[in-house]
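Some notes on the structure that comes next.
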Amino acid sequence: MTGSLNYYKVKMPLVDPFTTSFGTETEKEAYIFELKKDGISAFSESVTSIGPFYSYEDNTTAFHIIKSYLAELVLDAPQPAEFIARSSKVKGHNMAKAALEMLLWDYHSRKSGKPLHEYIGKSKGYADVGISLGIDRKEATLKKIQAALDRGYKRIKVKISKGKEMDILTPIREVYPDIALSVDANTDYRLRDLEILKKLDRFNLVYIEQPLEHDDILDHARLRKEISTPICLDESITSAERAEQALEVEACEVINIKPGRVGGFTESLKIAELARERKAHVWVGGMLETGIGRSYNVALASLEAVDYPGDTSPNDKYFERDLVRNPFSMENGTIRPNSGTGIGVDIDFEMINKVKIEAGTF
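Numbers 2 to 363, taken from the working numbering, label the letters of the sequence shown in order.
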């Protein structure tokens, strides 16, 4: 017996504008998916955004790929590995694939009667939490950092862009010389900017995230030999194979795992295990997800192999009211996965109906 796949396109205002080298986001537009089969309802979210700025995928391309090629592959609720095999004929489009692959992880963990973080195994039962701050005025940034420290965040990450890095970092280190601080360049530099990147060594950063091109590995390996700041790769890591290549040529010491970027949980688990074997550091990044997508990040970030604080902030950092009735809260710099079966969140359909701009069934 086949099931049904519903979608809800939602648009929600962010609590604060979020500025990176790509631009400024003031609202979150996302597709939410619901698979119904045999009395079980599973949920997931596409991490794509309104434009192809983080990657070539955006909401329009993801919806097209899912509607035209992928939706029919999940109606019988196959195991995630089977879906990966079926969808391999579609090249690329990891975020579209991840939205449905992760939906199946929720479905099968619900069917097993286990929370997702227990279903995937090797969970420490909590996730260490860091915060990611967009580019802002000096006074606003310092105020946000103090508020984050007061709440117990274990790592502060700030976005930087070429030409503004010193103005951003100098006042932070003057006020907070000893905090765990990292930066995210979002691909804004090139190897020709080596002298600028060398200047960042003075700030004693935990790492600099994706300083060079979005698909580069080799220039990051060259850069790593020239600077003392550890390099974290984000956009360059699109699969476990790419992660292995990056570690093989010593392009990074740290990997940011974003399930959507790598095609889902299956590849994410492979990357976490690979990093553990290679003694590299890993953490789980975020894409301004609603509470539905955030629940997957928290489950993944609770893995024993994930040893750095991630971007899994409590829901209220981004949304005044989320799509779930049991949002995550932080205590002593950690978030615990919900104990319910599957992703463990109670979907707030009243809120979904309030913010949806489109809905349907494939």
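C-beta atoms are modelled at their ideal positions from N, C-alpha and C, and glycine is treated no differently.
**Prompt:** CB VAL299 to CB ILE258, shorter than 7 Å?
**Reply:** Counted from its first residue, the sequence shown places residue 299 at position 298. Counted from its first residue, the sequence shown places residue 258 at position 257. Cβ atoms of VAL299 and ILE258: not closer than 7 Å.
**Whole-angstrom C-beta distance between LYS158 and ILE132, which should lie under 8 Å** = Residue numbering aside, residue 132 sits at position 131 when the sequence shown is read from its first letter. Residue numbering aside, residue 158 sits at position 157 when the sequence shown is read from its first letter. That belief holds up - the Cβ atoms of ILE132 and LYS158 are roughly 7 Å apart, short of 8 Å.
**Item:** Cross-strand partners of ILE258 (DSSP beta bridge)
**Value:** The residue labelled residue 258 in the question sits at position 257 within the sequence shown. Paired residue(s): VAL285.
**Request:** With DSSP as the reference, label PRO212 as helix, strand or coil.
**Result:** Taking the first residue of the sequence shown as 1, we reach residue 212 at position 211. PRO212: coil per DSSP, three-state reduction.
**Item:** Per-residue DSSP class, three states only, for PHE346
**Value:** Indexing the sequence shown from 1 puts residue 346 at position 345. This sequence places Val at residue 346; Phe is not what is there. Correct three-state label for VAL346: coil.
**Item:** For ILE336: DSSP bridge partner residues
**Value:** The residue labelled residue 336 in the question sits at position 335 within the sequence shown. DSSP output for ILE336 lists ALA128 as bridge partner(s).
**Request:** Identify which residue in LYS144, LYS199, ILE238 and GLU268 has its Cα closest to the Cα of TYR55.
**Result:** In the sequence shown, counting from the first residue as 1, residue 55 sits at position 54. The candidate whose alpha carbon is nearest that of TYR55 is ILE238.
**Request:** Decide if the segment 39 to 52 is in contact with the segment 80 to 87; the criterion is three or more beta carbon pairs, one per stretch, under 8 Å apart.
**Result:** no
**Request:** Would you give the residue range spanned by the beta strand (DSSP E) that VAL16 belongs to?
**Result:** Sequence index remark: in the sequence shown, residue 16 carries index 15 (1-based). Start and end: 5 to 21.
**Request:** Let me know if ALA252 comes out buried or exposed under the rule of 16 or more other beta-carbons within 10 Å of its beta-carbon.
**Result:** Here residue 252 refers to the residue found at position 251 when the sequence shown is read from its first residue. Counting Cβ neighbours within 10 Å, ALA252 comes out buried, since at least 16 surround it.
**Request:** Keeping to the same chain, check which residues put their C-beta closer than 7 Å to that of ASP202; ignore five residues upstream and five downstream.
**Result:** Mapped onto the sequence shown, residue 202 falls at position 201. If we look at ASP202 and ignore the five residues flanking it on each side, its Cβ neighbours are ILE228, SER229 and THR230.
**Request:** Check THR230 in the structure and name its three-state DSSP category.
**Result:** Here residue 230 refers to the residue found at position 229 of the sequence shown. Three-state result, THR230: coil.
**Prompt:** At which residues does the beta strand (DSSP E) containing ASP185 begin and terminate?
**Reply:** The residue given as residue 185 occupies position 184 in the sequence shown. Element bounds for ASP185: 182 to 185.
**Asked** What are the start and end residues of the alpha helix (DSSP H) that includes ALA31?
**Response** Locating residue 31 in the sequence shown gives position 30, where the first residue counts as 1. It is not in any alpha helix (DSSP H) - ALA31 instead sits in the beta strand (DSSP E) that spans 24 to 38.
**Prompt:** Of the choices ARG193, GLN147, ALA186 and ASP189, whose alpha-carbon is the least far from that of LYS178?
**Reply:** On the sequence shown, residue 178 is found 177 positions in, with the first residue counted as 1. Looking at the sequence itself, residue 178 is Pro, so the reference to Lys does not match. PRO178 has its Cα closest to that of GLN147, out of ARG193, GLN147, ALA186 and ASP189.
**Prompt:** Does the beta-carbon of ILE209 have 16 or more other beta-carbons within 10 angstroms, so that it is buried, or is it exposed?
**Reply:** The count along the sequence shown starts at 1 and reaches residue 209 at position 208. Buried, by the Cβ-count rule.
**Asked** Does DSSP put GLY361 in a helix, a strand or coil?
**Response** Here residue 361 corresponds to residue number 360 of the sequence shown, with the count starting at 1. Strand, per DSSP.
**Prompt:** Based on Cα-Cα distance, which residue from ASN7, VAL11 and LEU6 lies nearest to PHE320?
**Reply:** Residue 320 sits at position 319 when you count from the first residue of the sequence shown. Here the closest residue by C-alpha is VAL11.
**Asked** Looking at ASP312 and GLY287, is the spacing between their C-beta atoms short of 7 Å?
**Response** Counting from 1 along the sequence shown, the entry for residue 287 is found at position 286. Counting from 1 along the sequence shown, the entry for residue 312 is found at position 311. It is a contact, given that the beta carbons lie within the stated cut-off.
**Message:** Quick check on the DSSP output: the alpha helix (DSSP H) that includes SER110 runs from which residue to which?
**Reply:** Counting from one through the sequence shown, the residue named residue 110 turns up at place 109. Where SER110 is concerned, the enclosing alpha helix (DSSP H) stretches over 95 to 113.
**Request:** Report yes if the CB atom of ASP347 is closer than 7 Å to the CB atom of ARG326, and no otherwise.
**Result:** By 1-based counting over the sequence shown, the position of residue 347 is 346. By 1-based counting over the sequence shown, the position of residue 326 is 325. Taking 7 Å as the Cβ cut-off, ASP347 and ARG326 qualify as a contacting pair.
**Asked** Are there 16 or more other CB atoms within 10 angstroms of the CB of PHE266, so buried, or fewer, so exposed?
**Response** Start at 1 with the first residue of the sequence shown, and residue 266 comes out as number 265. With 16 or more Cβ atoms within 10 Å of its Cβ, PHE266 is classed as buried.
**Asked** Can you name the start and end residues of the beta strand (DSSP E) that SER240 belongs to?
**Response** For the purposes of this step, residue 240 is taken as the residue at position 239 of the sequence shown. Premise fails: SER240 is in no beta strand (DSSP E) and is neither H nor E.
**Message:** Measuring straight from C-alpha to C-alpha, what distance separates ILE136 and ARG223?
**Reply:** One-based indexing of the sequence shown puts residue 136 at position 135. One-based indexing of the sequence shown puts residue 223 at position 222. For ILE136 and ARG223, the distance between alpha carbons rounds to 27 Å.
**Message:** Tell me which residue opens and which closes the beta strand (DSSP E) that ALA43 is part of.
**Reply:** Start at 1 with the first residue of the sequence shown, and residue 43 comes out as number 42. That run of the beta strand (DSSP E) goes 41 to 46.
**Request:** Have a look at VAL75, ASP185, ASP220 and ARG295 and flag the residue whose alpha-carbon is nearest the alpha-carbon of ARG337.
**Result:** For this step, residue 337 is matched to residue 336 along the sequence shown. Closest by alpha carbon: ARG295.
**Residues that LEU134 bridges to, as DSSP identifies them** = In the sequence shown, counting from the first residue as 1, residue 134 sits at position 133. VAL159, per the DSSP bridge assignment.
**Request:** Assess, as a yes-or-no matter, whether the segment 114 to 125 is touched by the segment 58 to 67 under the definition of 3 or more beta carbon pairs within less than 8 Å.
**Result:** no
**Item:** Segment limits, alpha helix (DSSP H) that includes PHE84
**Value:** Here residue 84 refers to the residue found at position 83 of the sequence shown. It spans 81 to 88 - the alpha helix (DSSP H) in which PHE84 sits, taken as one unbroken run.
**Asked** Count the other CB atoms within 10 Å of the CB of HIS65; is the residue buried (16 or more) or exposed (fewer)?
**Response** Numbered from its first residue, the sequence shown carries residue 65 at position 64. So HIS65 counts as exposed.
**Proximity of SER5 and THR362 at Cβ, strictly below 7 Å** = Locating residue 5 in the sequence shown gives position 4, where the first residue counts as 1. Locating residue 362 in the sequence shown gives position 361, where the first residue counts as 1. Yes, Cβ-Cβ distance for SER5 and THR362 is below 7 Å.
**Where VAL299 sits in the DSSP three-state scheme** = For the purposes of this step, residue 299 is identified with residue 298 of the sequence shown, where counting begins at 1. Here VAL299 sits in helix by DSSP.
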